[in-house]
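*Asks:*
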Amino acid sequence: MRSIYSVCIFLFIPWIFTLPLHAGSWRYHKVRPGESLSHIAVKYKYSVNDIIRWNKIRNPNHIKVNQILRIYKANPPIRGKVKNVPVFKIPVGRLQVLKGFRERGDERSYGIVARLPIGQPVKSAAKGQILKIDVLRGYGKFIMIDHGKGWITMYSNLDNLLVTEGEKINKGQELASANRERFFFLVSYEGKPVDPLKLQR
Numbered sequence: 047m048r049s050i051y052s053v054c055i056f057l058f059i060p061w062i063f064t065l066p067l068h069a070g071s072w073r074y075h076k077v078r079p080g081e082s083l084s085h086i087a088v089k090y091k092y093s094v095n096d097i098i099r100w101n102k103i104r105n106p107n108h109i110k111v112n113q114i115l116r117i118y119k120a121n122p123p124i125r126g127k128v129k130n131v132p133v134f135k136i137p138v139g140r141l142q143v144l145k146g147f148r149e150r151g152d153e154r155s156y157g158i159v160a161r162l163p164i165g166q167p168v169k170s171a172a173k174g175q176i177l178k179i180d181v182l183r184g185y186g187k188f189i190m191i192d193h194g195k196g197w198i199t200m201y202s203n204l205d206n207l208l209v210t211e212g213e214k215i216n217k218g219q220e221l222a223s224a225n226r227e228r229f230f231f232l233v234s235y236e237g238k239p240v241d242p243l244k245l246q247r
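Here our numbering is used: position 142 in the sequence shown is 188, and no number is missing along the way.
1. Under a three-way DSSP split, which group does Ala172 fall into?
2. Going by beta carbon distance, what residues of the same chain come within less than 7 angstroms of Gly194, once the five residues before and after it are set aside?
3. Tell me the rounded alpha-carbon separation between Ile164 and Asn203.
4. By the DSSP assignment, the alpha helix (DSSP H) with Arg116 in it spans what residues?
5. Does DSSP classify Leu162 as helix, strand or coil?
6. Please report how far the alpha carbon of Lys102 lies from the alpha carbon of Leu232, in whole angstroms.
7. Should Ile191 go down as buried or exposed, given a rule of 16 or more other Cβ atoms within 10 Å for buried?
8. Starting from the C-beta of Glu227, find all residues in its chain whose C-beta is less than 7 angstroms away, skip the five residues before and the five after it, and write them out in chain order.
9. I'd like to know whether the C-beta atoms of Ile109 and Trp72 end up nearer to each other than 9 angstroms.
10. In terms of alpha-carbon separation, which member of Asn95, Ser93, Ile114 and Lys217 lies closest to Ala171?
11. Is the CB-CB distance between Pro167 and Ser84 below 9 angstroms?
12. Mind checking who His75 pairs with in its DSSP beta bridge?
13. How many Å lie between Lys169 and Lys238 at the Cα?
14. Specify, as a first and last residue, the run of the alpha helix (DSSP H) that Leu235 falls within.
15. What's the gap between the Cα of Arg99 and the Cα of Lys178?
16. Please report how far the alpha carbon of Val209 lies from the alpha carbon of Arg104, in whole angstroms.
17. Over the uninterrupted alpha helix (DSSP H) stretch that includes Asp96, give me the two end residues.
18. Which residues bound the beta strand (DSSP E) around Tyr201?
19. On the CB-based measure, 16 or more other CB atoms within 10 Å of its CB, does Ile215 come out buried or exposed?
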């Protein structure tokens with residue numbers, strides 16, 4: 047259960063935190079003569095700032111030959127058809143999407159950010175069991191739901207929680223209310239992000 051939680055926490059904020067939670071998520075790069083952080087960033091399709099942050103580099107202009115840099119090795123987003131898809135429902139009624147699912151570029155987002163009125167009810171996208179309720183700095187309270195067969199959803203920036211960890215819930219059941227105008231919703235399948243808007247029915 048903890049491993050699933052760790053993977054999803056990383057997926058929840060890949061474009062803010064970009065820090066994995068276990069050593070197995072890293073790959074390692076040995077700096078070659080003539081290489082700069084820009085070259086390395088392009089090679090692995092991350093930003094220079096990501097590599098600086100991961101390796102706590104103070105001066106990006108002074109990396110050394112044979113220096114070992116760690117690069118995050120993320121699970122690739124699911125593409126094409128996936129199996130055992132639950133019948134998902136939009137968790138907040140109409141969505142005014144501010145930031146959509148984006149798997150490439152410097153500002154990757156493996157979920158969606160939507161504008162909601164403060165106090166609007168947030169409901170479960172499908173039936174399942176509450177896997178985790180916690181608080182994340184900058185994103186407030188969040189709820190993670192296990193829908194079985196590898197499917198997990200997350201909902202953040204919540205208030206007035208109406209459910210508890212371990213509780214079984216139904217599709218469309220009210221979970222909490224939005225406490226900010228920016229609501230984040232993520233769907234993952236077997237630890238890999240999926241575009242939530244392509245699963246809504």
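For every residue, glycine included, the Cβ atom is placed at its ideal position computed from N, Cα and C.
*Replies:* On the basis of the supplied data:
1. Coil at Ala172, not helix or strand.
2. Gly174.
3. In a straight line, the C-alpha of Ile164 is about 10 angstroms away from that of Asn203.
4. That residue, Arg116, is in no alpha helix (DSSP H); its beta strand (DSSP E) goes Ile114 to Tyr118.
5. When DSSP states are grouped into helix, strand and coil, Leu162 belongs to the coil group.
6. Between Lys102 and Leu232, the C-alpha separation is close to 28 angstroms.
7. Buried, because 16 or more other Cβ atoms sit within 10 Å of the Cβ of Ile191.
8. Result list for Glu227: Arg161, Leu162 and Ile164, in chain order.
9. Not in contact: Ile109 and Trp72 (Cβ atoms no closer than 9 angstroms).
10. Ala171 has its Cα closest to that of Lys217, out of Asn95, Ser93, Ile114 and Lys217.
11. Judged by beta-carbon spacing, Ser84 lies beyond the 9 angstroms limit of Pro167, meaning their Cβ atoms are not closer than that value.
12. In DSSP, His75 forms a bridge with Leu115.
13. Taking the straight line joining both Cα atoms gives about 22 angstroms.
14. The sequence shown places Tyr at residue 235, not Leu. Per DSSP, Tyr235 belongs to no alpha helix (DSSP H); it is in the beta strand (DSSP E), Arg228 to Tyr235.
15. So the two alpha carbons sit approximately 28 angstroms from each other.
16. Whole-angstrom Cα-Cα distance: 44 angstroms.
17. Here the alpha helix (DSSP H) through Asp96 covers Val94 to Asn101.
18. In the DSSP assignment, Tyr201 falls within the beta strand (DSSP E) that extends over Trp197 to Asp205.
19. Taking all protein chains in view, the Cβ of Ile215 is crowded by 16 or more other Cβ atoms within 10 Å, so the residue is classified as buried.
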